[in-house]
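>
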C-alpha cells in the first residue's frame, strides 16, 4: 500500500512537470535569445546525464541531444550568407523552438531518471525494514531463552527445598533410632536384673521348694526365650530402619549432586552469556554457544580479526571447565549443493577447532568437529537475513554424565 501511494505521487509530480514544461515552451520564444536557449539546453542535458538519464531515460536524452544538434546547426547557418536572405526574426524563433524542445526533452529525461532513483531508494528502504523485522524475531528468541534460564533457576530452588526436606526426615529417623536403641538397652538391663533376682530367690529356697524352683526356672526360661525373640524382632526392625536410612542417605547424595550440577550449569550459562556476539542456550545435557559465520570468517573461510577476538573469549570460558567435552558443529544455508554445503560446514568447524587448540591451548582430545550443512536451519532461507542466521558454528559444551 505504501509503494502504491508513493508511485501515484511520483506520477502526479511527473505530469505536473510536463504541464509546466509545455507552458514554458509557449513563452520561451518571448523570454530568451537563441544563444541563451542553446546554453540552457546544454545545461539541462548535462543535469539529466548527471541524474543517470543515460541509463534510465536514454531515449529522451538522445532526443534532447538531437534537438540541440538541430538548434546548433540552425544557429551556425544563421551566420552564413544564405541566412542574410531570410528573416532574422523567423530564424531566431526556429532556433529557440529547437533549443526549447532540447531543453524540455532533457528535463523530461532528468525527471524520469530521478523517479527511477527514488523508486530504487524505496526498494532499499523496504529491504532494510525486512532485515530489521528479522532482527526483532532474533531478539524474541533470545528473550525466550532468558525465560528458560529463569525456569531452570526456579527448578533448582525446588530441588533445594526438596533436599532440605530429605535432610529433616533423615535427622528425625536418626533421632528415632537413638531412642529405640536406648529403650532396647533399658529392657535388656531390666531382664537381666529380673533374671538375677529369680536365680537368687531360687537358690535360697532350693532345699525347701525344689518343685517350685523347677517351675520358676521353666517360667524364667520361657520368658528368656520370649525376650530373646523380642530382642531378635527389635534387632531386625532396627536393621530395617538402618537400611531405610542408608537409602535415604543415598537419595540425599543424588539430590546434592543434581543441585550442584544445576548450579554449575547456571554459572556456565551466565559466564558464556558474556561472550560478545554469541547466542547461548541450554540444550539436552549440553550448553550451546552459537556464533554467526559473518562474525568469525573472512570470505575465504579464514578466521577474521573480529573472529579471533571472539574465539579468544570462548577459549577463556572453555578453559575454566576442562572436564567437559566439546563438539563443534558447522552449519550453512541452503544455497548451493548439499555436498558443497557440507564440505563448507566441516571446514568452518575444523577452522574453529584448530584455532582453539593452537591459540587457546585446549586439549585436542576433548574437542571434536563435524559439518551438518543446511540440515538444521534456525531461520528461513528465503531471505538474506535468514540465510545469515543459518550460516553459523555451534560450540556444544557437554554437561551430561
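Numbering (the working numbering), first residue to last: 3 to 403.
Glycine included, C-beta positions come from ideal geometry on N, C-alpha and C.
Keep in mind the model is a prediction, meaning the values are calculated, not measured.
1. Would you say the region 130–142 touches the region 98–108, given that touching needs at least three Cβ pairs under 8 Å?
2. Beta carbon of residue 396, beta carbon of residue 312: below 9 Å?
3. How is the alpha helix (DSSP H) around residue 347 delimited, first residue to last?
4. What does the alpha-carbon distance come out to for the pair residue 400 and residue 289?
5. Alpha carbon to alpha carbon, how far is residue 387 from residue 147?
6. Please classify residue 404 as buried or exposed, where buried requires at least 16 neighbouring CB atoms within 10 angstroms.
7. Which of helix, strand or coil does DSSP assign to residue 211?
8. Considering residue 294, what are the terminal residues of the beta strand (DSSP E) in which it resides?
9. For the alpha helix (DSSP H) containing residue 388, name the first residue and the last one.
10. With the cut-off set at 9 Å, would you say residue 390 and residue 277 are in Cβ contact?
11. Span of the alpha helix (DSSP H) holding residue 132?
12. Taking the continuous beta strand (DSSP E) assigned at residue 327, which residues delimit it?
13. Sort 57, 68, 61 by Cα distance to residue 44 and report the nearest one.
14. Kindly give me the distance between the Cβ atoms of residue 59 and residue 111, rounded to whole angstroms, as I take these residues to be in contact under 8 Å.
15. From which residue to which residue does the beta strand (DSSP E) around residue 281 run?
16. Leaving out five residues on either side along the sequence, give the residues of the same chain with a beta carbon under 8 Å from the beta carbon of residue 183.
17. May I ask which residues mark the beginning and end of the beta strand (DSSP E) holding residue 71?
On the basis of the data shown:
1. no
2. no
3. 340–361
4. 7 Å
5. Straight-line Cα distance between these residues: approximately 20 Å.
6. Residue 404 falls outside the range modelled here, since the chain spans only 3 to 403, and no answer is possible.
7. coil
8. 288–294
9. 386–392
10. no
11. 90–206
12. Neither: residue 327 is in no beta strand (DSSP E) and is coded neither H nor E.
13. That would be 68, whose Cα lies nearest to the Cα of residue 44.
14. 4 Å
15. 280–285
16. 240, listed in sequence order.
17. Premise fails: residue 71 lies in the alpha helix (DSSP H), 60–80, not in any beta strand (DSSP E).
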